[in-house]
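Here the sequence shown stands for residues 1 to 465, numbered as in our numbering. Please read the structure below before turning to the comments.
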Amino acid sequence: MADPRMPLAGEHVHFSGLGGKGIAPAASLAHTAGMIVTGDDMVPNHRTRALAAEGVTVTIGANTVPDGASLHVASAALPPGPHTGPRRMARLEFVQHLFAAHRKRLIAVAGSLGKSTAATLLHRILTPYAPSAYIGADVPGLLCGGQLAAGEWAIVEACEYQAAYRALTPEIVIALNLVQNHEDHFGPGTAAFERSLTGFLTAPPAPPRLAVLPDEVAALLEPHLAATETRLTVETVGEDADWSVDITGADPHSTTFALAQHGTHAGTWTVPAPGRHLVTAAACGLVTALHLGISPADSAEALAGFRLPRRRMSTMHHDDKLVLVDDNARQPGQAAALLQALRQAYPDRHIVVAVAPWGTKNQRDLSAWALGLSEADTVWVLPVGDAAVPGGEAPDADIRLAELIRLEGTPAYAIRRSGQLPLPDGRTTEPVLIATAGYDASLETFSALHDQAVTAFGAQPAPAS
């Protein structure tokens, strides 16, 4: 019998595309809410296996909604089905439905890039309030990025693609950045996303009351917001903002910074991971925490437990000769931020970035990618492969990108999966760091490259005695 104190408990919801990073955390929320959860996907992965281990019934190889389901949540990657069967919801529509049933107050983390990491940081910072979470990443301590917890607040990664976030009614919004992305939806540039985000921040009947924005995002949105009659309070974060950020220290393992509100010192915090890009995300989260009444000491203690999600500078191998790192950097700015973090963490290594930025919906801006990768010591550009489809990438984009990177002064090579892994000037004796960067679709290619790199550059095992 369903527990009457648990809204939606006992209701049957089926998730199609269960292994997707957007669907899996929604299924995790449903499971912890006491719902009957089933799901399907065409191929298994670590998320389908994790959910199956928790008792979710998973079907592999077919998308079939079982009899008895009253809700059907489907990945946007699946084509719309016939208007029969149970009520169908988009993933964020379902997340809003579940959190509203449990009377959670929402904080949405929006922006073009870095939402998962920023949401994970905010989840740690708000630990004293026991927040729930919906995050599209493999977050340490959360089942597939989802958690229904006891506190009144819930953190939601708010995807902008196809205006998915318009299903949410958050009280607070953090918007990290505005860069060109999802061109198949927004078109070139950022103007369409600026208008979309403004609509999200001002949408009736229950628009958010507070937006915490980096100063460059606030500058882009200001003319759009000025044209509305919103009562939204905007707090800016940056060098010359309502909340100024001053980085006071950095070492291979952490970055320390201070916040001041209109010149008044508010506290000093340490992010226990390298990368100055994390400071902006953490600062926005800390401003939110201060608005909610969490003390600087409590948020600092909580932040000390932060760990990056999977595929965010994840160490895959480490020895004296070779470090292997895997990251989901799939935009030029992310690649540049990754390189800065790697320089901070490994200042004495020869840094190679093996990049596969190819997508199947939009061609890459190769000049921007060349600039974003120019601070590497060496770049390996992996084949376009399956992304060479109509509307996707040009088949020779890997060769052209390598040429553009060389024009920036950085050695670059278009390599093949079984080909040689080159370093310039015979530097194979220098300690090497290789970072693979790109979409999850390239994980098999990255894994094969990791194995090849260990053989080529890693420490050799001692002979058996």
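Even for Gly, the Cβ is constructed at its ideal location relative to N, Cα and C.
How big is the Cα-Cα spacing for residue i and residue j?
i    : j    : result
A9   : D40  : 21 angstroms
A435 : D67  : 46 angstroms
H123 : A130 : 9 angstroms
H277 : I36  : 40 angstroms
V217 : F193 : 11 angstroms
A175 : H46  : 30 angstroms
L407 : V379 : 12 angstroms
S447 : Y439 : 13 angstroms
F94  : I399 : 43 angstroms
A462 : D320 : Below a pLDDT of 50, predicted positions are generally treated as unreliable, and A462, at 42, falls in that range; the measurement from the model is reported next regardless. A462 and D320: Cα-Cα distance of roughly 14 angstroms.
P252 : P422 : 27 angstroms
W153 : A191 : 31 angstroms
T57  : L51  : 8 angstroms
S116 : G305 : 17 angstroms
R209 : E239 : 24 angstroms
F457 : L322 : 6 angstroms
P205 : Q452 : 56 angstroms
M1   : G85  : Reliability fails at M1, whose pLDDT of 40 lies under 50, so the model's placement of it is uncertain and no value is given.
S367 : P274 : 27 angstroms
P309 : Q162 : 25 angstroms
Y134 : A150 : 14 angstroms
V279 : P170 : 23 angstroms
G263 : T236 : 13 angstroms
T120 : Q420 : 38 angstroms
I405 : P347 : 22 angstroms
T38  : R311 : 27 angstroms
A27  : V173 : 23 angstroms
T64  : H265 : 57 angstroms
T48  : A137 : 14 angstroms
A437 : E157 : 22 angstroms
R87  : G55  : 23 angstroms
T455 : H317 : 12 angstroms
A211 : P411 : 43 angstroms
Y413 : V179 : 27 angstroms
L213 : F257 : 18 angstroms
A226 : V353 : 42 angstroms
L220 : N177 : 10 angstroms
What residues match up with residue i in a beta bridge as DSSP calls it?
i    : result
W153 : R105
Y134 : G146 and V156
E235 : V212
R88  : H72
I125 : Per DSSP, none; premise fails for I125.
Y413 : W380
T57  : T38
F15  : G39 and V73
S112 : S112 pairs with nothing; no bridge assigned.
G438 : A356
V173 : A108 and A211
D326 : S314 and T436
I247 : F257
Closest to residue i by C-alpha separation, out of the options, would be which residue?
i    : options                   : result
G285 : S314, S254, W243 and H265 : W243
G293 : M89, R49, I60 and L126    : L126
S314 : K321, K21, D240 and V325  : V325
E183 : T255, P214, V95 and Q363  : Q363
S132 : T38, G263, L98 and A219   : L98
S112 : A281, F257 and A266       : A281
T32  : M6, F15 and R49           : M6
V13  : I155, A90 and G61         : A90
A376 : D365, I351 and P272       : I351
Between which two residues does the alpha helix (DSSP H) harbouring residue i extend?
i    : result
G372 : L366 to G372
I36  : Segment I36 to D41 is the beta strand (DSSP E) holding I36; no alpha helix (DSSP H) there.
S299 : P296 to L303
H291 : H277 to L292
H31  : I23 to T32
A335 : P332 to A345
D184 : E183 to F186
Tell me which residue opens and which closes the beta strand (DSSP E) that residue i is part of.
i    : result
V217 : That residue, V217, is in no beta strand (DSSP E); its alpha helix (DSSP H) goes D215 to A226.
S196 : It is not in any beta strand (DSSP E) - S196 instead sits in the alpha helix (DSSP H) that spans A191 to T202.
H265 : T264 to V271
D396 : Run containing D396: none; DSSP gives neither H nor E here.
T445 : Run containing T445: none in the beta strand (DSSP E); it sits in the alpha helix (DSSP H), L443 to F457.
H72  : L71 to A74
Q261 : S254 to Q261
Handout entry: Inter-stretch contact at 8 angstroms, needing at least 3 Cβ pairs: the stretch 337-349 / the stretch 296-306
Key = Touching, no.
Practice task
For the stretch 151-169 and the stretch 194-212, state whether three or more C-beta atom pairs, one from each stretch, are separated by less than 8 angstroms.
Solution key: The stretch 151-169 makes contact with the stretch 194-212, as at least three CB pairs between them are under 8 angstroms.
Practice task
Inspect the CB distances between the stretch 371-388 and the stretch 325-335 and report whether three or more fall short of 8 angstroms.
Solution key: A contact exists between the stretch 371-388 and the stretch 325-335.
Practice task
May I ask you to verify whether the stretch 104-118 touches the stretch 57-72, counting CB pairs closer than 8 angstroms and requiring at least 3?
Solution key: In the pairwise beta carbon analysis, the stretch 104-118 is classified as not touching the stretch 57-72: fewer than three pairs are separated by under 8 angstroms.
Problem - Inter-stretch contact (C-beta, 8 angstroms, three-pair minimum) for the stretch 179-197 and the stretch 137-155 - result: Judged by Cβ distances under 8 angstroms, the stretch 179-197 makes no contact with the stretch 137-155, as fewer than three pairs qualify.
Handout entry: At least 3 beta-carbon pairs within less than 8 angstroms: the stretch 353-360 vs the stretch 386-393
Key = Counting Cβ pairs under 8 angstroms, three or more are found: they touch.
Practice task
State whether the stretch 19-29 contacts the stretch 42-58, with contact taken as three or more CB pairs (one from each stretch) at a distance under 8 angstroms.
Solution key: When Cβ pairs closer than 8 angstroms are counted between the two stretches, the stretch 19-29 is seen to touch the stretch 42-58, the count reaching three or more.
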